[in-house]
Amino acid sequence: MFLDWLSGHLAAYLSRQVAQHSVPTSTYEALEKVIRPGDILLVEGNTRISVAIKYLTQSTWSHAALYLGPDAGFGTSENGDCHTLVEADLEFGIRTLPLNFYRNSHTRICRPVGLDKGNLHMLTDYALSRLGQRYDMKNVFDLARYLIRTPPVPARHRHKLLSLGSGDPTRAICSTFIAEGFQRLRYPILPTIDSIPADDPNCAHCIREHYRIRQTSLFTPRDFDASPYFRIIKPTLENNFDFRAINWADL
Numbered sequence: 145m146f147l148d149w150l151s152g153h154l155a156a157y158l159s160r161q162v163a164q165h166s167v168p169t170s171t172y173e174a175l176e177k178v179i180r181p182g183d184i185l186l187v188e189g190n191t192r193i194s195v196a197i198k199y200l201t202q203s204t205w206s207h208a209a210l211y212l213g214p215d216a217g218f219g220t221s222e223n224g225d226c227h228t229l230v231e232a233d234l235e236f237g238i239r240t241l242p243l244n245f246y247r248n249s250h251t252r253i254c255r256p257v258g259l260d261k262g263n264l265h266m267l268t269d270y271a272l273s274r275l276g277q278r279y280d281m282k283n284v285f286d287l288a289r290y291l292i293r294t295p296p297v298p299a300r301h302r303h304k305l306l307s308l309g310s311g312d313p314t315r316a317i318c319s320t321f322i323a324e325g326f327q328r329l330r331y332p333i334l335p336t337i338d339s340i341p342a343d344d345p346n347c348a349h350c351i352r353e354h355y356r357i358r359q360t361s362l363f364t365p366r367d368f369d370a371s372p373y374f375r376i377i378k379p380t381l382e383n384n385f386d387f388r389a390i391n392w393a394d395l
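FYI, the numbering for the sequence shown is 145 to 395, going by my numbering.
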């Protein structure tokens with residue numbers, strides 16, 4: 145009971161805003177027009193826990209949400225906004241919310257390639273089955289340590305400090321929750337690739353690649369950005385961008 149009480153208070157503390165949102169690199173209207181079911185929406189957060197995640201992962205992105213669209217059956221807000229995103233929130237656990245929740249945030253769309261309706265249905269069923277489950281509070285305690293004192297660790301080794309996830313399937317951090325959904329589809333994010341003999345009698349030196357799934361608790365939001373299997377979608381460029389149409393101010 146005491147641990148739950150302490151975790152709740154720590155979650156509320158870490159969820160408080162400590163900085164202004166970065167300037168979005170596209171309009172909300174452009175984002176809404178371009179985003180598709182199955183896309184990952186990365187967010188540059190502005191809370192205390194966002195500071196820790198961005199420092200440890202050396203990345204702009206501190207949060208990830210899965211967009212499943214208006215047909216996912218997530219319902220609507222009190223003001224009638226359709227819930228199209230699902231995410232693992234520090235205070236509220238796995239929840240749904242409308243896309244305009246991140247209207248004023250700096251975001252990036254990471255798009256998986258080749259998903260069909262069956263894949264999207266599996267992702268939606270998976271997300272619905274996880275709604276209401278808690279954020280992994282072990283991860284919260286891990287991250288909170290780095291807000292007290294910044295460890296003097298070289299940038300290339302900071303990712304090794306992350307001990308994300310307790311291994312309890314009823315708890316999830318934002319990126320772990322999404323990574324598990326994609327790995328159920330056998331869709332790669334950043335798999336471990338081993339080179340093994342090809343067993344080709346006509347080619348003694350030939351090798352073939354063998355993919356192994358990484359533990360989902362090791363994934364962070366930046367991994368979707370770094371993955372070679374997700375296409376980066378920039379809404380401004382997708383909407384018939386023409387640099388000649390820019391109204392430059394004369395200096």
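Glycine included, each C-beta is placed from N, C-alpha and C at the ideal position.
Under 7 Å between the Cβ atoms of residue i and residue j?
| i | j | result |
| --- | --- | --- |
| I184 | A216 | no |
| R330 | S203 | no |
| L275 | I238 | yes |
| I377 | R255 | yes |
| N106 | A174 | Residue numbering for the chain in the displayed model covers 145 to 395; residue 106 lies beyond these limits and cannot be assessed. |
| T201 | T364 | yes |
| P214 | D225 | no |
If you drop the 5 nearest sequence neighbours on each side, which residues of the same chain put their C-beta closer than 6 Å to that of residue i?
| i | result |
| --- | --- |
| G325 | L267 and Y270 |
| P168 | H250 |
| S319 | A208, F363, T364 and P365 |
| F218 | H227 and T240 |
May I have the straight-line CA-CA distance separating residue i from residue j, to the nearest angstrom?
| i | j | result |
| --- | --- | --- |
| A196 | C347 | 50 Å |
| P313 | L272 | Below a pLDDT of 50, predicted positions are generally treated as unreliable, and P313, at 47, falls in that range; no measurement from the model is reported. |
| K177 | L381 | 12 Å |
| Q277 | L210 | 16 Å |
| Q161 | T191 | 4 Å |
| E231 | E188 | 14 Å |
| P379 | A389 | 16 Å |
| K198 | W205 | 6 Å |
| N392 | S170 | According to the sequence provided, residue 392 is Trp. The question's Asn does not apply to it. Roughly 17 Å between the two C-alpha positions. |
| L308 | F387 | Because L308 sits at a pLDDT of 48, beneath the cut-off of 50, its placement in the model cannot be relied upon, and the point is left open. |
| I179 | N244 | 12 Å |
| C182 | E222 | Per the sequence shown, the amino acid found at residue 182 is Gly instead of Cys. The straight-line gap from Cα to Cα measures roughly 25 Å. |
| I193 | S371 | 23 Å |
| R252 | P345 | 47 Å |
| L229 | D260 | 19 Å |
Taking the continuous alpha helix (DSSP H) assigned at residue i, which residues delimit it?
| i | result |
| --- | --- |
| A174 | Y172 to V178 |
| D269 | K261 to R274 |
| P181 | First-last for P181: undefined, no H or E at that position. |
| A370 | R366 to A370 |
For the beta strand (DSSP E) that contains residue i, what are its first and last residues?
| i | result |
| --- | --- |
| D225 | Element bounds for D225: n/a, residue is neither H nor E. |
| I377 | F374 to I377 |
| G237 | G237 to P242 |
Once the 5 residues before and after residue i are set aside, which same chain residues still bring their CB inside 7 Å of it?
| i | result |
| --- | --- |
| R247 | Y172 |
| F368 | I184, L186, A208, C254, I333 and F374 |
| R328 | M266 and Y270 |
| S166 | E188 and H250 |
CB-CB under 8 Å to residue i, same chain, minus the five flanking residues each way: which ones, in chain order?
| i | result |
| --- | --- |
| V257 | Y373, F374 and R375 |
Cβ-heavy atom distance between residue i and the ligand ZN below 6 Å?
| i | result |
| --- | --- |
| S221 | Absence of the ligand ZN is noted for the structure shown, with no ligands found whatsoever. |
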